[in-house]
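Chemist:
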Amino acid sequence: PPRHRNIISLPVSLSCIEPSWYQKKAVEFKKTQYQPIRSSIGIVIGGSSTRSKINPAQLREQLATILEKTPEHEHWVSTSRRTPPEVDALLQEFSFDYQLIWSQNPYNPLPAFIELCDQLFITEDSASMISEAVSYGCSSVTVLETETPKKNHKLVEFIQNLIRDGYLKDMYMSFDIPTKKVNIKPLIEKALQDID
Numbered sequence: 130p131p132r133h134r135n136i137i138s139l140p141v142s143l144s145c146i147e148p149s150w151y152q153k154k155a156v157e158f159k160k161t162q163y164q165p166i167r168s169s170i171g172i173v174i175g176g177s178s179t180r181s182k183i184n185p186a187q188l189r190e191q192l193a194t195i196l197e198k199t200p201e202h203e204h205w206v207s208t209s210r211r212t213p214p215e216v217d218a219l220l221q222e223f224s225f226d227y228q229l230i231w232s233q234n235p236y237n238p239l240p241a242f243i244e245l246c247d248q249l250f251i252t253e254d255s256a257s258m259i260s261e262a263v264s265y266g267c268s269s270v271t272v273l274e275t276e277t278p279k280k281n282h283k284l285v286e287f288i289q290n291l292i293r294d295g296y297l298k299d300m301y302m303s304f305d306i307p308t309k310k311v312n313i314k315p316l317i318e319k320a321l322q323d324i325d
C-alpha cells in the first residue's frame, strides 16, 4: 500500500520471537537430530516459485564457496517442502555434518539453526525465513541469490533494504563481517506514541 501516517512500515515480516522457544528447539534438535561437536554454519534451502527459481549450478558454486571459506566449522544443511528433487540430489555431492532432506524427514531445524549457528546462509526465495533469521539469535545472515525474473519485485527490494541497513549480507561480502538484528519493538512503540 502507499505510505500513509496510519500505516507502520516494518523492515521484516512479523515473527514470534520468544527466546525460550528457540532454546527449547535447540535442545530438541540436539536430542533427536544431531549433537554438535564444534561451531556450525547453517544452510537453509527453500524452493522455486513464481518469484524466484533455484538454479542447481549456481547453488553448487555457492555451496562450494561456503565450505571452502569455513573449513573450521561444521556444516549443516536443510531443504524445505518446496525444494525441487534436482536440488536434493545436488546435496549428495557434498559432505555435510548434518543434512536434512525435507521430502525424507519433514522436521523443521530452522529454529535450532537460528539458536545454534555462527552463520546462516538462506536462499532468497523466502521472506519469512529471512525475516525470522535476521530478527533473533547471534548468527550473521547471508542471502543466497536465486534466479529472480523480475528485478523490481518487492522481494528483491526487501532483501536489498536489509543488506543496505546491515541486517543481511550477500555472497560478495566478507564472511567475517557480522550482521545486525532487527528490533521492531521501538518502531511499534514510536508509532503507538504518535497515535496518542
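Following the working numbering, the numbering of the sequence shown begins with 130 at its first residue and continues without gaps. Each residue gets a CB set at the ideal place from its N, CA and C atoms; glycine is no exception.
Could you tell me the distance, in whole angstroms, from the CA atom of residue 179 to the CA atom of residue 198?
Modeler: Answer to the nearest angstrom: the Cα atoms are 32 angstroms apart.
Chemist: Where residue 201 and residue 248 are concerned, what is the direct C-alpha to C-alpha distance, given to the nearest angstrom?
Modeler: Roughly 12 angstroms separates the two Cα atoms.
Chemist: Three or more beta-carbon pairs under 8 angstroms between the region 225 to 241 and the region 202 to 212, yes or no?
Modeler: A contact exists between the region 225 to 241 and the region 202 to 212.
Chemist: Among 244, 277, 185 and 276, which has the Cα closest to the Cα of residue 269?
Modeler: Per the Cα distances, 244.
Chemist: Taking residue 236 as part of the beta strand (DSSP E), name the residues at either end of that continuous run.
Modeler: Segment: none, residue 236 is in no beta strand (DSSP E) and carries neither H nor E.
Chemist: Taking the continuous alpha helix (DSSP H) assigned at residue 250, which residues delimit it?
Modeler: Premise fails: residue 250 lies in the beta strand (DSSP E), 248 to 252, not in any alpha helix (DSSP H).
Chemist: Would residue 284 and residue 256 be called neighbours here (beta carbons separated by less than 9 angstroms)?
Modeler: A contact, by the Cβ cut-off of 9 angstroms.
Chemist: Which class does residue 151 belong to by DSSP, given the choice of helix, strand or coil?
Modeler: In this structure, residue 151 counts as helix in the three-state DSSP scheme.
Chemist: So, does the CB of residue 244 fall closer than 9 angstroms to a CB anywhere in chain D?
Modeler: Given the protein chain composition of this structure (a single chain), no chain D is represented.
Chemist: Would you decide whether residue 254 is buried or exposed? Buried here means 16 or more other CB atoms lie within 10 Å of its CB.
Modeler: Residue 254 comes out buried.
Chemist: What does residue 273 pair with, by DSSP beta-bridge criteria?
Modeler: Bridge partners of residue 273: 252.
Chemist: Straight-line CA distance for residue 250 to residue 185?
Modeler: Between residue 250 and residue 185, the C-alpha separation is close to 16 angstroms.
Chemist: What distance in whole Å lies between the Cβ atoms of residue 308 and residue 296, which are believed to be in contact at a cut-off of 8 angstroms?
Modeler: Between residue 308 and residue 296 the Cβ distance is about 6 angstroms, and since that is below 8 angstroms, they are a contact.
Chemist: Let's test the definition: count the other Cβ atoms within 10 Å of the Cβ of residue 218 and tell me whether it reaches 16, buried, or not, exposed.
Modeler: With fewer than 16 other Cβ atoms within 10 Å, it is exposed.
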